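Q: Protein chains in written order, with this note's numbering: chain A, 555 to 833; chain B, 127 to 433.
#1: In this structure, does DSSP put residue 780 (chain A) in helix, strand or coil?
#2: Is residue 185 (chain B) helix, strand or coil by DSSP?
#3: Return no unless some Cβ of chain B is closer than 8 Å to the Cβ of residue 710 (chain A).
#4: Does the Cβ of residue 669 (chain A) lie closer than 7 Å to at least one heavy atom of the ligand MN?
#5: In its own chain, which residues sit with a C-beta less than 7 Å from the C-beta of residue 817 (chain A), not counting the 5 before and 5 after it?
#6: Counting along the chain, where does the beta strand (DSSP E) carrying residue 176 (chain B) start and finish?
#7: Kindly indicate if chain B contains any beta-carbon less than 8 Å away from that of residue 830 (chain A).
#8: Do residue 323 (chain B) and residue 649 (chain A) count as a contact pair if the criterion is CB distance below 8 Å?
#9: Can you tell me whether residue 721 (chain A) is buried or exposed, with buried defined as 16 or more other CB within 10 angstroms of its CB?
#10: Report yes if the C-beta distance between residue 385 (chain B) and residue 216 (chain B) is below 8 Å; otherwise report no.
#11: Can you look up residue 206 (chain B) in the DSSP assignment and give me helix, strand or coil?
#12: Give me the DSSP bridge partner(s) of residue 434 (chain B).
#13: Let me know if residue 420 (chain B) comes out buried or exposed under the rule of 16 or more other beta-carbons within 10 Å of its beta-carbon.
#14: Tell me whether the beta-carbon of residue 320 (chain B) lies closer than 8 Å to the beta-carbon of residue 234 (chain B).
#15: Any C-beta of chain B within less than 7 Å: which residues of the segment 752-784 of chain A qualify?
#16: Should the segment 281-298 of chain B be regarded as contacting the segment 331-341 of chain B, the criterion being three or more beta carbon pairs within less than 8 Å?
#17: Once you ignore the five residues that flank residue 787 (chain A) on each side, which residues in its own chain have a CB closer than 7 Å to its CB?
#18: With a threshold of 7 Å on Cβ separation, who are the neighbours of residue 244 (chain B) within its own chain once the five nearest residues in sequence on each side are excluded?
#19: Would you kindly report the start and end of the unbroken alpha helix (DSSP H) that includes residue 671 (chain A)?
#20: With residue 305 (chain B) and residue 224 (chain B) assumed to form a contact (beta carbons below 8 Å), what rounded beta-carbon distance in angstroms separates them?
#21: How about residue 316 (chain B) and residue 230 (chain B): do their beta carbons lie closer than 8 Å?
#22: Tell me residue 599 (chain A)'s beta-bridge partners as DSSP assigns them.
#23: Who are the near neighbours of residue 462 (chain B) in its chain, counting only those whose CB is closer than 7 Å to its CB and skipping five residues on each side?
#24: I'd like the ranges of any alpha helix (DSSP H) spanning at least 4 consecutive residues and lying wholly in the segment 372-396 of chain B.
#25: Helix, strand or coil: which one does DSSP assign to residue 555 (chain A)?
#26: When we look at the beta-carbon of residue 779 (chain A) and count the other beta-carbons within 10 Å, is it buried (16 or more) or exposed?
#27: Which residues bound the alpha helix (DSSP H) around residue 252 (chain B)?
#28: List, in order along the chain, the chain A residues whose C-beta lies closer than 7 Å to that of residue 265 (chain B)?
#29: How many angstroms separate the CA atom of residue 731 (chain A) from the CA atom of residue 749 (chain A)?
#30: What distance in whole Å lies between the Cβ atoms of residue 813 (chain A) and residue 644 (chain A), which are believed to be in contact at a cut-off of 8 Å?
#31: Considering only DSSP beta bridges, list what residue 611 (chain A) is partnered with.
#32: Answer with yes or no whether the minimum CB distance from residue 185 (chain B) to chain A is below 8 Å.
#33: Any beta carbon of chain A sitting closer than 8 Å to that of residue 194 (chain B)?
#34: Does residue 236 (chain B) have its Cβ less than 8 Å from a Cβ in chain A?
#35: Do you know offhand how far residue 626 (chain A)'s Cα is from residue 790 (chain A)'s?
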């Protein structure tokens, strides 16, 4: 990496790295990416009803959202589902990552990869419809219509998101450490819990956070799987959109956005630490 | 001689390893079969049944669901004609998805090039700026665009302020709004794989082309584009596939008139009360997506063979 960079520095007069128009186009792109989000965040603090006319700073819409019982319930439900989904998917993904990375190729590994990554490839609307049909018949047969359906659906589509960072971490780990532990008479479990697991923790935390964000943000599958009165924050917001846009929805959006940014920054720092560890 | 003594135990260890690997994967696989892959088979079964009166299905074999994807039968005289409504929605999905792919490529290419040519220490920060919108809730981003394109939104206010227009342009609930929304929402999906390809680009080759008096356009066409082609293909697929199955963006920005395939599918499970047709439409979408993904797999493996 360093070599071409040095070469380029010498060859700056060819302006390979500063082609005309590229910088301008890129800046335009960043502005276009952020302008709508910044506007949305700004107007969530608007004192007035309008989302186009600025009437001064206020927390009014956050207070309104906070005091709205439906929003409160939806928020609690979103968090409960996301917590369960990230815990379940991360546990299963950790096991699957341990099963697929440590011993090299084995019969059926490709099939396992395909199954694990399937939620990334099948359009969400198709999975949503499939789950609607499947869970509807279970609901009729058992009479149970609780949150477990949402948790099961979310856990399933979160598995690949939790799996990828854990697998990446495992692949970067030195397998001789476990062998060393075994040589020193550690049992399999001791070697795992004292050596592998602590080294794997950043990957697991990163996977759990991605799964949490993915679950918290899901609209389509939730919209089809939820029973009556089981709105999460995103489906509540989607329902509100049928009516006029309200700054209250802006406030909820901003709060969700803040959670995502915080978790992502943490994820970013964690994976940066991984690179430092690796050196 | 020792090999004979060692081999059986090695095979036994290997077998134990494989069994252990599978056991570790089983819980995840069970969950995925139960709540992701398995139900797809039920969709296949339902697409060959008759619709129930209010919802659900009647357990009688029928190919009517598949028939209705493309054709419609007159209720009175049973004449068969092409289902214009469905075909126009499928056409809209395909053309809007292609346009989205082309526009994200147009915007994403220079952006990825820009990030890839920054000093190495700055790249992570620029990339992070792309990652934030990427992970931000799709609904929130669609919602942000809705406020931009509304009659009283920033776009119309800005154009009015500049004196370009007197009356606001009706953008919301048009195909243009859906297109703007999809380009906005899926742009990061184009930039990330393009950047991954460009990061590996050896810029000395670009310089060499310049040294040999190639024009900028020629350098782009003959050097840069061929070298980053896997990234272009990956980005295009990553944008095209979710665009084709888009549900939230056309619903929010397109209103009822500018439905896409995803919304047509939902309609069959809601007011349409035609689950077999909905199931057949879902599988149609799945088949198109699978073909696109296979094309990608073939193209990328071919690309890596040259590399």
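A virtual CB, placed ideally from N, CA and C, is assigned to each residue, including glycine. Predicted model, so just to flag it, every value in this text is computed and none were measured.
A: A quick look at the data gives this:
#1: Here residue 780 (chain A) is taken as the residue at index 226 of the first chain, counted from 1. Residue 780 (chain A) falls in the coil class under three-state DSSP.
#2: Residue 185 (chain B) sits at position 59 when you count from the first residue of the second chain. DSSP places residue 185 (chain B) in strand when its eight states are reduced to three.
#3: Your numbering for residue 710 (chain A) matches position 156 in the first chain. At least one chain B Cβ lies under 8 Å of residue 710 (chain A).
#4: No copy of the ligand MN occurs in the structure displayed, which carries no ligand at all.
#5: If you number the first chain from 1, residue 817 (chain A) lands on position 263. Cβ within range, chain order: 763, 766, 767.
#6: Taking the second chain and counting its residues from 1, one reaches residue 176 (chain B) at position 50. Residues 175-177.
#7: Looking up residue 830 (chain A) in the first chain gives position 276. At residue 830 (chain A), the pLDDT of 46 sits below 50, so the modelled position is not reliable; the number obtained from the coordinates is stated separately. It does not: the Cβ of residue 830 (chain A) has no partner Cβ on chain B nearer than 8 Å.
#8: As a position in the first chain, residue 649 (chain A) is number 95, starting the count at 1. As a position in the second chain, residue 323 (chain B) is number 197, starting the count at 1. No, the Cβ-Cβ distance between residue 649 (chain A) and residue 323 (chain B) is not below 8 Å.
#9: As a position in the first chain, residue 721 (chain A) is number 167, starting the count at 1. Under this definition residue 721 (chain A) is a buried residue.
#10: The residue given as residue 385 (chain B) occupies position 259 in the second chain. The residue given as residue 216 (chain B) occupies position 90 in the second chain. Taking 8 Å as the Cβ cut-off, residue 385 (chain B) and residue 216 (chain B) do not qualify as a contacting pair.
#11: Here the question's residue 206 (chain B) lines up with position 80 in the second chain. Annotated three-state conformation of residue 206 (chain B) is strand, per DSSP.
#12: Residue numbering for chain B in the displayed model covers 127 to 433; residue 434 (chain B) lies beyond these limits and cannot be assessed.
#13: Here residue 420 (chain B) is taken as the residue at index 294 of the second chain, counted from 1. It counts as exposed.
#14: Stepping through the second chain from its first residue, residue 320 (chain B) is reached at position 194. Stepping through the second chain from its first residue, residue 234 (chain B) is reached at position 108. Taking 8 Å as the Cβ cut-off, residue 320 (chain B) and residue 234 (chain B) qualify as a contacting pair.
#15: 767, 771, 773, 774
#16: no
#17: Within the first chain, numbered from 1, the residue matching residue 787 (chain A) stands at position 233. Taking C-beta separations shorter than 7 Å and ignoring five residues to either side along the sequence, the partners of residue 787 (chain A) in its chain run 628, 629, 632, 806, 810, following chain order.
#18: Stepping through the second chain from its first residue, residue 244 (chain B) is reached at position 118. Hits under 7 Å: 252.
#19: Stepping through the first chain from its first residue, residue 671 (chain A) is reached at position 117. Residue 671 (chain A) -> alpha helix (DSSP H) spans 663-675.
#20: Translated into the one-based positions of the second chain, residue 305 (chain B) becomes position 179. Translated into the one-based positions of the second chain, residue 224 (chain B) becomes position 98. 11 Å between Cβ atoms; not a contact.
#21: Walking along the second chain from the start, residue 316 (chain B) turns up at place 190. Walking along the second chain from the start, residue 230 (chain B) turns up at place 104. Yes, they are a contact pair.
#22: For this step, residue 599 (chain A) is matched to residue 45 along the first chain. Partner(s): none; residue 599 (chain A) has no beta bridge.
#23: Residue coverage of chain B in this structure runs from 127 to 433, which leaves residue 462 (chain B) outside it and unanswerable.
#24: Listed in chain order, the complete alpha helix (DSSP H) runs (minimum 4 residues) inside the segment 372-396 of chain B are 374-380, 387-395.
#25: Taking the first residue of the first chain as 1, we reach residue 555 (chain A) at position 1. In this prediction, residue 555 (chain A) has a pLDDT of 44, which is less than 50 and means its spatial position is unreliable; nothing more can be read from the coordinates.
#26: Here residue 779 (chain A) refers to the residue found at position 225 when the first chain is read from its first residue. Its Cβ being crowded by 16 or more others within 10 Å, residue 779 (chain A) is buried.
#27: Along the second chain, read from residue 1 onward, the residue named residue 252 (chain B) stands at position 126. First-last of the alpha helix (DSSP H) with residue 252 (chain B): 246-261.
#28: Within the second chain, numbered from 1, the residue matching residue 265 (chain B) stands at position 139. Those are 773, 788, 791, 792, listed as they occur along chain A.
#29: As a first step, residue 731 (chain A) is located in the first chain; it is residue number 177 there, counting from the start. As a first step, residue 749 (chain A) is located in the first chain; it is residue number 195 there, counting from the start. Cα-Cα distance, rounded: 7 Å.
#30: Residue 644 (chain A) sits at position 90 when you count from the first residue of the first chain. Residue 813 (chain A) sits at position 259 when you count from the first residue of the first chain. The beta carbons of residue 644 (chain A) and residue 813 (chain A) sit about 18 Å from each other, so the pair does not count as a contact at 8 Å.
#31: Within the first chain, numbered from 1, the residue matching residue 611 (chain A) stands at position 57. DSSP, once it has assigned bridges, lists A:600 as partnering residue 611 (chain A).
#32: Numbered from 1 along the second chain, position 59 holds the residue referred to as residue 185 (chain B). False, the Cβ-Cβ gap to chain A never drops below 8 Å.
#33: Indexing the second chain from 1 puts residue 194 (chain B) at position 68. Answer no: the Cβ-Cβ gap between residue 194 (chain B) and chain A never drops below 8 Å.
#34: For this step, residue 236 (chain B) is matched to residue 110 along the second chain. Judged by the 8 Å Cβ criterion, residue 236 (chain B) is in contact with chain A.
#35: Counting from one through the first chain, the residue named residue 626 (chain A) turns up at place 72. Counting from one through the first chain, the residue named residue 790 (chain A) turns up at place 236. One C-alpha to the other measures close to 11 Å.
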